[in-house]
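Numbering that gives the first Met the number 0 numbers the first residue of the sequence shown as 0 and each following residue consecutively.
The beta-carbon is built from N, C-alpha and C at its ideal position, and this holds for glycine as well.
Predicted model only: the values in this text are computed from it and were never measured.
This report concerns only the one structure given below.
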Amino acid sequence: MRSTVPLVCILSAACLLSGSSHVCAADAAVLKAGVAKVDITPDQPVKMSGYASRKELSTSVHDPLSARVVAFEKGGQRLVLVSTDLIGFYEGTAEHFRQAILAEFDLQPAELFLSAIHTHSAPTLESNAKKGHPNNVAYTKQLQSKLIEAVREALEGAAPARIGMGAGSSPVGCNRRQLRVRQNGESDIVLGRHPYGPTDKEVLVMKVANSEGQLRAVLFDYATHATSLGPKNYAISGDVLGLAEQFVEKIMGSGVVAPAFAGASGDIDPWFRVRPAFETESGWIPEPVLLGTFLGEEVVHVTRSAEASNPTGSIGTSLAILELPAKPSDGGSRTKPFAVTVARVGDVAFVGLGGEVLTEIGMAIKAGSPCKHTFVITHCNGAAGYLAPKELHVEGGYEVRSSAFGPHAADLVVRESLRMLHDL
């Protein structure tokens, strides 16, 4: 938690010098918000992330990639939410970018949520010049400066704000753990479509307006992979979540910023998944565009029905690096680190999870949260890989095989997330 003692002293001294302590006290009690958006589309062909079978450089750009920032401040406490149209911050890049942003703005570690929408049609981040493609190394270096400038714009532009909350529902995401029964009677879990499996269909929306009621930002959280496009696609795109962001901004207009956050969706894919490309057949709506628009329209409907008001309560933040039980391995560590960041703005909660978390875990956190509305944000402040609930370790499947964590790790994340929320 950010220490407030030095800040209180500074504020008190400033109030005495100005001779208007009542103004300072009133200002400290007002929620302020600032927003920013920066283009992060690569300007040259790059290696793309998400599929090991895709070896070549990107060939085109279907739609632009962006980084979007919403910064809150109240009573000396800050919360900076960063959403990027990327797959995530892997290979140590999460801490690299976080440290640069924290140092630049004197933020406490818990005050920054650095997240990605998990699109599989974006550049691979690479900071190692000996390992990565030169174009990706250059892209990663440029990205750091762009993120810093976006955060700066949001913090410096913070002004008195009103917020409103609403929740809708969308069937865009579908459980992908499909049961396959072979001719010999053996069965296993494969990646496919399981329409009746667990799915969090909630579309959680926060609208941020200025003191006059003019809309400035629409934050939304939805649980799906951004994998409507598959490994044969070589066009840069934000995929479902990125296209939803763009749709909301186009409809709401007037410079509104619409950052998306990927909810707990490790086992959730879009209804139409891993398509080879944007379909160009006459009269056909490409699947990513169709699903992104469908989701975006629900976000707009919820936004228009939500009433913005002056929030009560304070800002609080907390960060923990949990040492979770790892899968048994010869000579390997018995634990693996996993980042959990929690925050509150008034009575709205945010839970940032540093991995690819399956939907049952996110639903459990929402159910136990002390707040009416809880944003569960994955690929946030870390990239620890898949985290699956213990009951799915019996079934197996891709997510379980890929996970570095043991069966009881998920329960610990749920418990600690809720404890941290209650502590706030």
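query	result
Express the C-alpha separation of L113 and A93 in angstroms, rounding to a whole number.	8 Å
Which whole-angstrom value describes the C-beta separation of V69 and P258, a residue pair presumed to lie in contact below a C-beta threshold of 8 Å?	6 Å
What does DSSP give as the partner residue(s) for N309 in the beta ladder?	Note: N309 sits in no beta bridge, so no partner.
Quick check on DSSP: helix, strand or coil for G367?	helix
Using 8 Å as the Cβ pair cut-off and three pairs as the minimum, do the region 144-164 and the region 188-208 touch?	yes
So if DSSP puts P122 in a beta bridge, which residue, or which two residues, is it bridged to?	M47
On the three-state DSSP scale, how would you describe E94?	helix
Near D199, what residues of its chain come up, given a Cβ to Cβ distance below 7 Å and the 5 sequence neighbours on each side ignored?	A222, G262, A263, T358, G361 and M362
Check the C-beta distance from A225 over to H117 and give it rounded, since I have them as a contact under 8 Å.	5 Å
Taking the alpha carbon of H119 as the point to measure from, which residue in A408, L85 and E152 has its own alpha carbon closest?	L85
Assuming L290 contacts P269 (C-beta within less than 8 Å), just tell me the rounded distance between them.	5 Å
Rank E398, V204 and F349 by C-alpha distance to the C-alpha of I267 and give the top, closest one.	E398
What residues match up with D38 in a beta bridge as DSSP calls it?	S65
Can you grab the Cα-Cα spacing for the pair L420 / A307, in whole Å?	24 Å
For a quick check, are the C-beta atoms of R343 and I364 less than 8 Å apart?	no
Near L16, what residues of its chain come up, given a Cβ to Cβ distance below 7 Å and the 5 sequence neighbours on each side ignored?	Residue confidence for L16 is low, a pLDDT of 40 falling below 50, so the modelled location carries little weight; the figure read from the coordinates is stated next. Cβ within range, chain order: n/a, list empty.
According to DSSP, is V107 helix, strand or coil?	It is worth fixing the name first, because residue 107 is Gln in this sequence and not Val. Reduced to three states, the DSSP call for Q107 is coil.
In whole angstroms, what separates the C-alpha of T123 from that of K326?	27 Å
Which class does L417 belong to by DSSP, given the choice of helix, strand or coil?	helix
Which residues share a DSSP beta bridge with T334?	P324
Measure from the alpha carbon of A109 to the alpha carbon of each residue in R77, L64, V273 and A276, then state which is nearest.	R77
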